[in-house]
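The structure appears below as C-alpha cells.
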Ligand SMILES: Cc1ncc(COP(=O)(O)O)c(C=O)c1O
Ligand SMILES: Cc1ncc(COP(=O)(O)O)c(C=O)c1O
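Chains as they are written, first to last, in the numbering used here: chain A, 411 to 795; chain B, 411 to 795; chain C, 1170 to 1295; chain D, 1170 to 1295.
Here it is as C-alpha cells:
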C-alpha cells in the first residue's frame, strides 16, 4: 500500500521529530540515574527538573506538584487509589463513560470495601453536574470525571463539577489524557485537584505520563520503593521519556490553538462528506462540546470491524467502536451508556484526526467509506441488525 | 573535565547503540498502538510479540508468561502485591537486604494486615536457606529473595531457597534486576515462580522492565484498566521500550559470558590496587558469590559522600554507600544488616563496572582514590568516626 | 496481518454476494455471541448446486467465509453440502485467528441449512 | 552541580587544614543528625586570630565550610569571631543546598567555641 492515512490519533500518535531529537542524548551520553549524586546523575536530574518546570508552566501550577508516571492508566490508578487509600474507606463518584483505567480501578476499590457511584450520562455522553451534587454523601472522598471522552470526544462540564466538589470539600480528579495539550485547560479555574495527562496522545513517547496533585491534597503513594518523586512514586525515573514529555508539551503550547481550529474544520468536512453520501449514519457525542479532531460515526447495519478492515485494506486507519473478542461482541459501553440503540452502536467507527491530517486525507477517507459501506450493506441479509 | 569514567553501572547504564537503533523506528513511522486492529496497530503488536519471544527464549520460558512493566520497582510491587492480594491475607518471607522496592512493598502489606518475616543475613550479606525453611508457616503465601544485591553484589543461594519453596508449595519471587543479563539464570533449575528484570541496568532503556510469571501462579493485576498483557497489566504498551528491552536481552545473550570474566578481573584489579595503597579499607559482600562488576569498599574514617564528590570532581562516577539526606545520615541498611560497624559503613563506596570499563579506567580510579582518601583522612579531627 | 491474503481477497471481492429470488434452498446461521450471520441460497440442477449466493452480516472473516463457502459449494451435490464442515471453510480461507473461528462455523452452518432445505423441498415435491 | 564553584574549590583545596599544636583556643561542633564535625584552632596575637587551622569530618560541604571559615576568621578580633553566624559562612560558600545547611552551622559553631575558649583562657591567664 502506497500512502497511509492515519485517523486514529486518540489511540496513539507518532513522536514529533523535535521531541525525539531532544530525547536522543538521554539514551546515550546523558544516561545517568537522577538519584546519583555524581555528574552523570546531576545531568539527568537537571533534565527531569527542566521537563517538570516546562509542564508546570504550561499547566500554571507548581513544579513540585507534578509526579511522573508510566502512563495515563497509572496516573488514573494512582490518583484514585491514592485518594482512597489515604482515607482507608468511603465513597467515590465517577461516571459510566470513564476510561477503563478509572472504571476498573473504582470497581477494584469496590471489591476492597469502598462505595462507588457510577453516574449516568445523557444522549451526548455528558454528566449532569446536578447528578454529581446529588450523589455526594457525608463520606464522599473523591470525584473522578474525565475531561473529554476518548471514544466520542464529548467534553464534560468540569468547571461546574469542580465548583460543586470545592463547595463540598471533596477532591476532584480529572482524567485529561485526551485533552491535555489539545484544548485549553485551567486547573485553577476549573477547580481541579488531580489531573492525569499523558505523552503518547500528544506526539510524545509512550511509557510516560504524569499526575498533577494540588498541594495539600491528601494522597498516598501506590508504587512503593525508593524515595523518587518526593516519595510519591518509587522507581528510577524514565529520563528520556520525561524529557520527551516536556518537549511535547512545549510543542503543543505553540501548535495547540491553531491546530484545534484546523481540526474542527477537517472533522466537520469529514462528517459532512459522509452524511451527504451515506444514508443511515449518525454522529455520536456532543455537537459542540467535543474534541476538535474526533468524529465517532455510526454506520447502521454494518459491523464496525468490517469497516475498519475494509478501510485498513485501503491504507486508512480508523478505530472500531465495538470490539468483537473471542466471538462475543461488545458494543462500546460508552455508546450504550449514551443510549445509542444496539443496531446503530454495532456500526460505530471513530475517526480521530491529528496534526498531519489534511483535507485530501479526509476526502480520501470519504471516498473510501462510501463504496465500502454500500458493499457491506448490499451483502447484508434483510432484516438483520 | 575531559575524560569521564563511569563506575556506577549498578545504578544505570547507557543504552547500547544497537538497542537504540532498533527502537528508533517505533517512535516515528511505527508508532501504532498495539491494541489497534489496523496496520499501524498490527506493526506495533508484532514488535511487542517479537520482543517477548526473544526474552522468553533467553529465559527458557513461555512468551505468554512474560508481562512488561514500567521498571524494576513496578515488577517487584506487582509480584508481591499480586501474590498477596490474590490471597487476601497471610504471611510473606523476605530479607533485610532486599531493594526498597521489595522491602517497602512488604511494609505496606504489613500495614494492610499481612504478616512479614524479614530474614537476617550473615556478614557477607547472605540469607541462610535454613532460616527460610524455619520461617515458613502454614499461612505463608510467598517468598521474595533477590538474586544479587545491588549495593554489595552478593548472590543469594536462590537454588536452595527455591527447592525449599517448592517443597512447601510456596510461590517464590526473585528480584533479578541486578543479575538478569549479567550472569546465567535458570528459572526452572532454580525453582523460581516469579522473576523481576529490568532494561536500564543492562544497556536497555529506562522505563521498561518485566515480570516473568510461571504459568499457574495465582497472581492478580495491580494496575487496573484495559485488557493489555493478557489482563495482567493495564495500560498502552511502551512499544519502543519493549523493543529496546528485547534487543538489549539479545545483545546480553551474546556479550554476557565473556564480559563477566573480563569484569571479575577488572574488579579484582581495582580492589587489589586500592588495598595495596590505602590502609584501613575493607571489601564488602561475598568474596566469590558476587556480581562480576561490583566492588563495595569501606574507606574507614572518611565519609562516603566526600569520596564520591572528590572523585566526581576528577570526572569519576561512583556511588555512595551511605546517604546523607536533610542532615541525617543513613548508613546503608544493607551494610548495617551485614553487621558492618558504623565507623566503617559511613565510608562505603560502591564501584560498579560495565561493558566499556577498561583497565586504564580502573587504574585511573585507583590513582584518584589514593590521594583523595589521604587528604580527607588528614583533615579529620582525631578520635572521630 | 492477522488474516490471510485469501480471506482478505474474499472480504474485499466477495463472490456471489446478494439475494437470490426463488431459490431451491435457503438457510441461515447466526452466531449467538456477536450476532454474526450468514445466509446461503441454492439453485439446484440435477441434484447439484448450480448457483450459490450468500448474504452476510458481521466482521470481515464472516463475510469472507460466506463468500468462500458459496464458491466452494458451487457445482457440488446437495447431499454433500450437508456435510461441509467449518474446518473445510477455515482451510479454504487459509486459516482463521482463534477468536474468529466462528466465521467458518456460521458459513458452514448456513450452507448445511440451505442444503437441508433444498433436500426437504425436493422430498416435499415428490 | 548542586554545589558552588567556591565550595568545590574549598573542598578540593582546603585552606589551613590540619592540627595546630598548643593553640590559644580550640573548639568543636558536631551535627547530631549525621555526625559531621568540625574543629577550629586559633593562634591569637594582639586580640586577633593570627593563625587559624581546622579539622573536619563529613560530607564535602562540611569540609569546605570549615576551610572557608578558617580563611575568613584569620586576622579578625577574637571577640568578633564569637558572633560569626552560619549565614556568613553559607554566603562565603556562595550558598548551600537546603539539605546541607548544617555544614555552615557546624563550622560557625566550631569557630564560636574556639573563640570562646580563647577568651576564656585569656581571662584565666589574667
Ligand atoms: C481518557 C483516557 N484515560 C486514560 C487512558 C489510558 O492511557 P494509557 O493506555 O496510555 O495508559 C486513555 C488512553 O486511551 C484515555 O483516552
Ligand atoms: C535489585 C534491584 N531491584 C529493584 C530495583 C528497582 O529498579 P528501578 O529503580 O529501575 O525501578 C533496582 C534498581 O536499583 C535493583 O537494583
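Beta carbons: idealized from backbone N, C-alpha and C, even for Gly.
Remember, it's a predicted structure, so these values are computed and weren't measured experimentally.
CA nearest to the CA of residue i, picked from the options
i                      : options                           : result
residue 493 (chain B)  : B:742, B:631 and B:595            : B:631
residue 642 (chain B)  : B:488, B:677, B:556 and B:517     : B:488
residue 532 (chain A)  : A:747, A:758 and A:768            : A:747
residue 522 (chain A)  : A:625, A:501, A:638 and A:566     : A:501
residue 525 (chain A)  : A:490, A:415 and A:559            : A:490
residue 779 (chain B)  : B:625, B:701 and B:680            : B:680
residue 1222 (chain D) : D:1283, D:1292 and D:1291         : D:1283
residue 803 (chain B)  : A:658, A:690, A:667 and A:728     : Shown here, chain B extends from 411 to 795; a query on residue 803 (chain B) therefore has no answer.
residue 498 (chain A)  : A:508, A:468, A:551 and A:475     : A:551
residue 1228 (chain D) : D:1241, D:1256, D:1199 and D:1242 : D:1199
residue 606 (chain B)  : B:629, B:476, B:546 and B:598     : B:476
residue 1220 (chain C) : C:1242, C:1205 and C:1236         : C:1242
Own chain residues within Cβ distance below 6 Å of residue i, not counting five before or after
i                      : result
residue 478 (chain A)  : 620 and 652
residue 576 (chain B)  : 601
residue 411 (chain A)  : Caution applies to residue 411 (chain A), whose pLDDT of 45 falls short of 50 and renders its modelled position unreliable; the value that the coordinates give is listed next. Counting only Cβ-Cβ distances below 6 Å, and skipping sequence neighbours, we find 725.
residue 1263 (chain D) : 1173 and 1175
Residue i in three-state terms, based on DSSP
i                      : result
residue 560 (chain B)  : coil
residue 528 (chain A)  : strand
residue 388 (chain A)  : Because chain A is modelled from 411 through 795, residue 388 (chain A) falls outside the range shown and cannot be assessed.
residue 604 (chain B)  : strand
residue 1217 (chain D) : strand
residue 516 (chain B)  : helix
residue 795 (chain B)  : Unreliable placement is indicated for residue 795 (chain B), whose pLDDT of 49 sits below 50; no coordinate value is reported for it.
residue 436 (chain B)  : helix
residue 583 (chain A)  : strand
residue 510 (chain B)  : helix
residue 1188 (chain C) : coil
residue 1277 (chain C) : helix
residue 418 (chain B)  : strand
Any C-beta of chain A under 8 Å from that of residue i
i                      : result
residue 1194 (chain C) : no
residue 374 (chain B)  : Here chain B has residues from 411 to 795 only, and residue 374 (chain B) is not among them.
residue 1258 (chain C) : no
residue 1173 (chain C) : no
residue 1186 (chain C) : yes
residue 1180 (chain C) : yes
residue 1250 (chain C) : no
residue 730 (chain B)  : yes
residue 511 (chain B)  : yes
residue 607 (chain B)  : no
Close-in-space but distant-in-sequence residues of the same chain around residue i (CB under 8 Å, 5 per side omitted)
i                     : result
residue 655 (chain A) : 461, 465, 478, 609, 614, 615, 618, 619 and 620
Chain D within 8 Å of residue i, Cβ atoms only
i                     : result
residue 673 (chain B) : no
residue 789 (chain B) : yes
is_contact[residue i, chain B] using C-beta, thresh 8 Å
i                      : result
residue 1239 (chain D) : no
residue 615 (chain A)  : yes
residue 1245 (chain D) : no
residue 633 (chain A)  : yes
Cutoff 7 Å; reference residue i; Cβ partners in own chain excluding five residues on either side
i                      : result
residue 473 (chain A)  : 462, 463 and 466
residue 728 (chain B)  : 417, 418, 718, 721, 759, 760 and 761
residue 1180 (chain D) : 1229, 1232 and 1233
residue 453 (chain B)  : 440 and 442
residue 1266 (chain D) : 1171
Min CB distance residue i to chain C below 8 Å
i                     : result
residue 719 (chain A) : yes
residue 716 (chain A) : yes
Touching or not, the segment 1271 to 1287 of chain C and the segment 1188 to 1195 of chain C, by the rule of three or more beta carbon pairs under 8 Å? Output reads yes: the segment 1188 to 1195 of chain C touches the segment 1271 to 1287 of chain C.
With a threshold of 8 Å, are at least 3 pairs of Cβ atoms found where one atom belongs to the segment 707 to 719 of chain B and the other to the segment 447 to 466 of chain A? The segment 707 to 719 of chain B, when compared against the segment 447 to 466 of chain A, does touch it at the 8 Å Cβ threshold.
When you compare the segment 1207 to 1216 of chain D with the segment 694 to 711 of chain B, are there three or more beta-carbon pairs, one atom per stretch, that lie closer than 8 Å? With a cut-off of 8 Å on Cβ pairs, the segment 1207 to 1216 of chain D is not in contact with the segment 694 to 711 of chain B, counting fewer than three such pairs.
Per the contact definition of three or more C-beta pairs closer than 8 Å, is the segment 551 to 561 of chain A in contact with the segment 580 to 589 of chain A? The segment 580 to 589 of chain A is in contact with the segment 551 to 561 of chain A.
Are at least three pairs of beta-carbons, each pair with one atom in the segment 1232 to 1243 of chain C and one in the segment 1271 to 1279 of chain C, less than 8 Å apart? Look at the beta carbons and you see the segment 1232 to 1243 of chain C touching the segment 1271 to 1279 of chain C: at least three pairs across the two are nearer than 8 Å.
Check whether the segment 587 to 601 of chain B and the segment 625 to 640 of chain B are in contact - that is, three or more C-beta pairs closer than 8 Å. Counting C-beta pairs closer than 8 Å gives fewer than three between the segment 587 to 601 of chain B and the segment 625 to 640 of chain B, which falls short of the contact rule.
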